[in-house]
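Taking it in order: structure first as structure tokens, then the write-up.
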Amino acid sequence: MSKIMFVFGTRPEFIKLYPVIMEARSRQHEVVIVNTGQHREMLDNLLAELDVTPDFDLKVMTRQQSLAEILARTVAPLDDVVARVRPDHLFVHGDTSATLSGSLISLYRHVPLSHVEAGLRTYNKHSPFPEEMNRQITGVLADYHFTPTEVTRQNLEREGKDPNRIFVVGNSAIDMLRYTVRPSFRHPVLDELGDRRLILMTVHRRENISELGQMFAAINDIAVRYGDTHKIVYPIHMNPVVRQAADQYLTAPAIEIIEPLGTTDFHNLLSRSHLVMTDSGGIQEEAPSLGKPVLVLRDTTERPEGVAAGTLRLVGTGRDDIVREAVRLLDDPAEYARMAAIQNPYGDGTTAQQIMDVMDKVASDEGKAAAVPAESSLPA
């Protein structure tokens, strides 16, 4: 079997690589896990919850690092690890500094690279920043592109990627829900809802920092209007700028600000929510699998399939726009039901299995090629 290295540094990356790691282990591949440590507490809690101990922890994060410092502190230690381990294959996910670092080291060390969640594009290098260019650079370096949808496949083909190295497999975020969503789940947030419905929100993106005032003012307007029938729960990001803006604008009694949730807690609250308002990425894929309409609080999204299908509604960051679209769903049960019933375009929960089917075939083909004698050594 192959020696496969998985490189990640944030909780969202691990959430989407975990099903692939588990599938690789189930097929008896040797799995090597490298955590660059870009996220610390949130990721460590999830690793402990799922009983995963990384083989290497690079611990790159220090307070108030720049993007350049994060990358610089990752590349050289990761190069040392790859040189020592000598994996047959290296996996990265998505669009983080760990993804970019792993991609560069796979090039430097001549290790075949697989990119999970490949092909997402806005073609605006500043939105999302720096994720868009991390994705594009990784796409240039990857040998195998595991892409969620036909739209993302077409992005890669237009960029000149080899069609025989592109595989439409859905998104492994859907696979992860099988490990986390539990019918018997209990949480104080749910106990305190009473007869009210849950609106779950997340806001944290770097490019939205300057828009927090109007975004949070819109959320507060919604909470005031629907406070008798709905409760807005906000697991707040650790960024102190986000927290300061939340303290200033999110004052309605129907808003509950809580500390960041573990993945299992978040997925289970998501499964019991009525509506989701977010500027996050992965939630745009997860919520539709659970039948939850999503208002995307961004001006662009690298997940246009959900917008086209109707599971997502791109509403921007303006106060009036956010309120108008929330009212539209909350006041019109038919419109809500239509959006909630649309099939998720991001897959059926078999992504990890499909990825490892490809990897097993790659390993088999490489083994067959290695078994064929070189032409010069063939008998006359």
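With our numbering as the guide, the letters of the sequence shown map in order to residues 244 to 623. Backbone N, C-alpha and C define an ideal beta-carbon position, used for all residues, glycine too.
From the DSSP output, in three-state form, read off F459 for me.
As a working note, residue 459 is residue 216 in the sequence shown. Helix, per DSSP.
Give the DSSP-derived three-state secondary structure of L493 in the structure shown.
For the purposes of this step, residue 493 is taken as the residue at position 250 of the sequence shown. It is coil, neither helix nor strand.
With a Cβ-Cβ cutoff of 8 Å, do K535 and E499 count as a contact?
Taking the first residue of the sequence shown as position 1, residue 535 is located at position 292. Taking the first residue of the sequence shown as position 1, residue 499 is located at position 256. Contact flag unset, no.
Look at the Cβ atom of T507, then the Cβ atom of T423, and state whether they are nearer than 8 Å.
In the sequence shown, residue 507 corresponds to position 264, counting from 1. In the sequence shown, residue 423 corresponds to position 180, counting from 1. Yes, the pair counts as a contact, with Cβ atoms nearer than the cut-off.
Would you kindly report the start and end of the unbroken alpha helix (DSSP H) that includes E256?
Counted from its first residue, the sequence shown places residue 256 at position 13. Unbroken alpha helix (DSSP H) run through E256: R254 to S269.
For the segment 538 to 546 against the segment 560 to 572, do three or more pairs of beta-carbon atoms, one drawn from each stretch, fall closer than 8 Å, so that the two count as touching?
Contact between the segment 538 to 546 and the segment 560 to 572 is present, because at least three Cβ pairs lie under 8 Å.
Do you know how far the Cα of H336 is from the Cα of T365?
In the sequence shown, the residue the question calls residue 365 occupies position 122. In the sequence shown, the residue the question calls residue 336 occupies position 93. Using only the alpha carbons, I get a separation of about 17 Å.
Classify F509 as helix, strand or coil using the three-state DSSP reduction.
The sequence position of residue 509 within the sequence shown is 266, counting from 1. Here F509 sits in helix by DSSP.
Please list the segments of the beta strand (DSSP E) lying wholly inside the segment 268 to 332, counting only runs of 3 or more residues, in order along the chain.
The segment 268 to 332 contains these whole beta strand (DSSP E) runs: 273 to 278.
By the DSSP assignment, the beta strand (DSSP E) with P431 in it spans what residues?
As a first step, residue 431 must be located in the sequence shown, where it is residue number 188. No beta strand (DSSP E) holds P431; the alpha helix (DSSP H) holding it covers P431 to D434.
Cutting at 8 Å between CB atoms, please list the residues of its own chain near A612, excluding the five before and the five after it.
In the sequence shown, residue 612 corresponds to position 369, counting from 1. Once the five neighbours on either side are set aside, A612 has no close Cβ partner at all.
Please check if any C-beta of chain D sits within less than 8 Å of the C-beta of K246.
Of the protein chains in this structure there is only one, and it is not chain D.
In angstroms, rounded to a whole number, what distance separates the CA positions of V263 and D574?
Position 20 of the sequence shown holds residue 263. Position 331 of the sequence shown holds residue 574. Computed Cα separation, rounded: 41 Å.
Per DSSP, what are the beta-bridge partners of I500 in this structure?
The residue you call residue 500 lines up with position 257 of the sequence shown. Looking at the DSSP assignment, I500 forms a beta bridge with Y477.
Using the Cβ count rule (16 or more neighbours within 10 Å means buried), how would you classify S453?
As a first step, residue 453 is located in the sequence shown; it is residue number 210 there, counting from the start. Exposed is the call here.
Is V485 closer than 8 Å to V519 when the C-beta atoms are compared?
As a first step, residue 519 is located in the sequence shown; it is residue number 276 there, counting from the start. As a first step, residue 485 is located in the sequence shown; it is residue number 242 there, counting from the start. Not closer than 8 Å, so no.
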